Amino acid sequence: MTTSEVSISLNNGLSFMANIDQYKVPMDTTNEFSQQAGPSPKKLMLAALGGCTGMDIVSILNKMKVSYEDFSIDIKASLTEGHPKIFKDVHVFYKIKLAEEDQQKMKKAVNLSQEKYCGINAMFKSFAKVSSNILFL
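In our numbering, the protein residues as written are 69 to 205.
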């Protein structure tokens, strides 16, 4: 079984620093007590989702020998009203420039990431409705 470890320490106010392997990742609140020291933990979750699915898709497209450029991912999410406020709807927007004949391959790569490979997506689906679309540039 693979295990993961991180260490989080208080900086100032409600700002924390996560030590992940050799990397330091600042976190802060979004309310009036913010020190403007970093993104909120919830937004880091969305970034993790984007990074996970993005890495899957790049790997899959490379294996398919698909040429592409200008690949980016935008994620929009809404929270529940009551506490604890958790994500209820998450929408992933994939944007990519590739040949028209490769669009089906991109759709397949997105599907494989969302349904088979991206563990972060699988975790999100346990508590939120996750949807997506692809914008071909």
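For glycine and all other residues, C-beta sits at the position ideal for the given N, C-alpha and C.
As the structure is a prediction and not an experimental result, all values here were calculated from the model.
Classify Ile88 as buried or exposed, calling it buried when 16 or more other Cβ atoms lie within 10 Å of its own Cβ.
-> What you label residue 88 is simply residue 20 of the sequence shown in a count that begins at 1. Result: exposed.
When you compare only the Cα positions, how much space is there between Met174 and Ile125?
-> Start at 1 with the first residue of the sequence shown, and residue 174 comes out as number 106. Start at 1 with the first residue of the sequence shown, and residue 125 comes out as number 57. Answer to the nearest angstrom: the Cα atoms are 8 Å apart.
Going by DSSP, which residues form a beta bridge with Pro94?
-> In the sequence shown, residue 94 corresponds to position 26, counting from 1. The partner list for Pro94 (beta bridge, DSSP) reads Met85.
Report yes if the C-beta distance between Asp138 and Leu203 is below 8 Å; otherwise report no.
-> Stepping through the sequence shown from its first residue, residue 138 is reached at position 70. Stepping through the sequence shown from its first residue, residue 203 is reached at position 135. No, the Cβ-Cβ distance between Asp138 and Leu203 is not below 8 Å.
Look at Ala105 and Asn79 and say whether their C-beta atoms are less than 8 Å apart.
-> Here the question's residue 105 lines up with position 37 in the sequence shown. Here the question's residue 79 lines up with position 11 in the sequence shown. The answer is yes: Cβ separation under 8 Å.
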